[in-house]
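Numbering (the numbering used here), first residue to last: 7 to 397. Worksheet for the structure shown next.
Take a look at the structure:
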């Protein structure tokens, strides 16, 4: 189940979007050579020290890779990168806007020299347009994409608690590279993939964007509840446990009124027939539902919801997720090596191979000597590059 084995990806990457895309390719068997700054490496290595002294961000998105340190601002370092690209199938980069083009590594220049090369550029706003040169970090792009306008509560907006714009861009880069590989298999030619964090995030804004179509009122910020479907959100039980539940249709609503609330007459109440009316009267209906939850423990509420049946879930802490029974039952946790020793890692979603690729998180420059030797760099030259801080 490693369909990309034999392919080489050279990734001039940092932070999350680029590394997340290349890790997906590495999980499928591609050889990913991560090009980093000498000594310090990818700055995401230093975001925190929460994983045995390693950065939580870095451990998450950098398994299965090889680390090559190069100072590409130095002509000899750039020359090594060019030699490496002549052996690559994919070149992926998410440096500051225009950085690779200034070094002569634009898609047009690279594909003129290497017609089969797939070049993927990830940036905040894409190539061209008035925002092309703007720096973009996850929270900034969430803001530009309108995500903050629909996230949080009525009193206070909030960004999503994960790097959702980085992740969205990384996943579109990954899927687009896979499509480009299929295209190359039939045409023999590489492609240029231009991924914008803004466009990736706006694509994910589809429901609220269309809900506010043609000047209509946007969905309100509703905290952990759904903005336009009700009841769909968290409810606190009498023992303090919080249960997330969702009514999706009238059959479920009728069963919920009868077998959970014990008030079957509410199913036909004129204020609550149909989701639009329930949503319009969510305050009054919320009081009824909250009062019922207060008479039950969290486990009792879950049991009753299951009997209806109504979709529901525990509101887990991150500690709960580490010990989630479903992940354990499906054998999703594996072990990877790292500079700090063995670490748990979640198997790639969707792959059914019982032995997924779970290679180490690399140390800074761990594979530099090996890669230079593969490129035919003489030992004395490699020593000079190391001595001069080029690698």
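In this text, a Cβ means the ideal position worked out from N, Cα and C, and glycines have one as well.
Kindly list the residues whose CB is nearer than 6 angstroms to the CB of residue i, restricted to its own chain and excluding five residues on each side of it in sequence; keep chain order.
i: residue 41; result: 18, 74 and 76
i: residue 319; result: 250
i: residue 95; result: 13 and 14
i: residue 378; result: 388
i: residue 25; result: 19, 67 and 68
i: residue 371; result: 73 and 75
i: residue 355; result: none
i: residue 37; result: 14
When the distance is taken between beta carbons, is residue j closer than 8 angstroms to residue i?
i: residue 225; j: residue 170; result: no
i: residue 206; j: residue 175; result: yes
i: residue 89; j: residue 29; result: no
i: residue 345; j: residue 369; result: yes
i: residue 201; j: residue 274; result: no
i: residue 130; j: residue 142; result: yes
i: residue 197; j: residue 124; result: yes
i: residue 97; j: residue 84; result: no
i: residue 33; j: residue 338; result: no
i: residue 122; j: residue 190; result: yes
i: residue 367; j: residue 65; result: yes
i: residue 5; j: residue 21; result: No answer is possible for residue 5: it lies beyond the span of the chain, which begins at 7 and ends at 397.
i: residue 103; j: residue 139; result: yes
i: residue 31; j: residue 183; result: yes
i: residue 240; j: residue 248; result: yes
i: residue 120; j: residue 91; result: yes
i: residue 299; j: residue 307; result: yes
i: residue 296; j: residue 227; result: no
i: residue 152; j: residue 211; result: yes
i: residue 234; j: residue 217; result: yes
i: residue 106; j: residue 99; result: yes
Can you tell me where the alpha helix (DSSP H) with residue i in it begins and where it stops?
i: residue 261; result: 256-261
i: residue 351; result: Element bounds for residue 351: not the alpha helix (DSSP H) but the beta strand (DSSP E), 349-352.
i: residue 278; result: Element bounds for residue 278: n/a, residue is neither H nor E.
i: residue 225; result: Careful: residue 225 lies outside any alpha helix (DSSP H) and carries neither H nor E.
i: residue 84; result: 81-91
i: residue 75; result: Element bounds for residue 75: not the alpha helix (DSSP H) but the beta strand (DSSP E), 71-75.
i: residue 372; result: Where residue 372 is concerned, there is no enclosing alpha helix (DSSP H), given that its DSSP letter is neither H nor E.
i: residue 33; result: 23-33
i: residue 65; result: 62-67
i: residue 105; result: 105-108
i: residue 53; result: Segment: none, residue 53 is in no alpha helix (DSSP H) and carries neither H nor E.
i: residue 230; result: Note, residue 230: premise wrong, no alpha helix (DSSP H); not H, not E.
i: residue 47; result: Per DSSP, residue 47 belongs to no alpha helix (DSSP H) and is neither H nor E.
i: residue 271; result: Premise fails: residue 271 is in no alpha helix (DSSP H) and is neither H nor E.
i: residue 135; result: Per DSSP, residue 135 belongs to no alpha helix (DSSP H) and is neither H nor E.
i: residue 266; result: Looking at the DSSP string, residue 266 is not in any alpha helix (DSSP H), and its letter there is neither H nor E.
i: residue 215; result: 212-217
By the DSSP assignment, the beta strand (DSSP E) with residue i in it spans what residues?
i: residue 298; result: No beta strand (DSSP E) holds residue 298; the alpha helix (DSSP H) holding it covers 288-300.
i: residue 145; result: Unbroken run through residue 145 is the alpha helix (DSSP H), 144-150; no beta strand (DSSP E).
i: residue 306; result: Looking at the DSSP string, residue 306 is not in any beta strand (DSSP E); the run it does join, the alpha helix (DSSP H), is 304-313.
i: residue 97; result: 96-99
i: residue 42; result: 37-42
i: residue 238; result: 238-242
i: residue 389; result: Note, residue 389: premise wrong, no beta strand (DSSP E); alpha helix (DSSP H) at 385-393.
i: residue 18; result: 14-18
i: residue 127; result: 124-129
i: residue 112; result: Note, residue 112: premise wrong, no beta strand (DSSP E); not H, not E.
Got a sec? Which residues, its chain only, sit under 7 angstroms from residue i by beta carbon, not counting five neighbours each side?
i: residue 301; result: 244
i: residue 82; result: 391 and 396
i: residue 178; result: 201 and 206
i: residue 259; result: 253 and 273
i: residue 374; result: 74, 75 and 397
i: residue 147; result: 130, 171, 203, 204 and 207
i: residue 35; result: 8, 9, 10, 11 and 363
i: residue 262; result: 253, 314 and 316
i: residue 118; result: none
Got a sec? Which residues, its chain only, sit under 8 angstroms from residue i by beta carbon, not counting five neighbours each side?
i: residue 51; result: 60, 61, 64 and 370
i: residue 208; result: 151, 152 and 215
i: residue 132; result: 138, 200, 201, 202, 204 and 205
i: residue 195; result: 121, 122 and 189
i: residue 322; result: 330
The stretch 266-285 touching the stretch 304-321, judged by at least three CB pairs closer than 8 angstroms:
yes
Segments assigned alpha helix (DSSP H), at least 4 residues, entirely inside the stretch 157-209:
170-193
If contact is defined by three or more beta carbon pairs under 8 angstroms, each pair taking one atom from either stretch, is the stretch 331-348 in contact with the stretch 52-64?
As far as the Cβ criterion goes, the stretch 52-64 touches the stretch 331-348, which means the pair count is three or higher.
List in chain order: all unbroken alpha helix (DSSP H) runs of 4+ residues lying wholly within the stretch 317-352.
324-328 and 331-335
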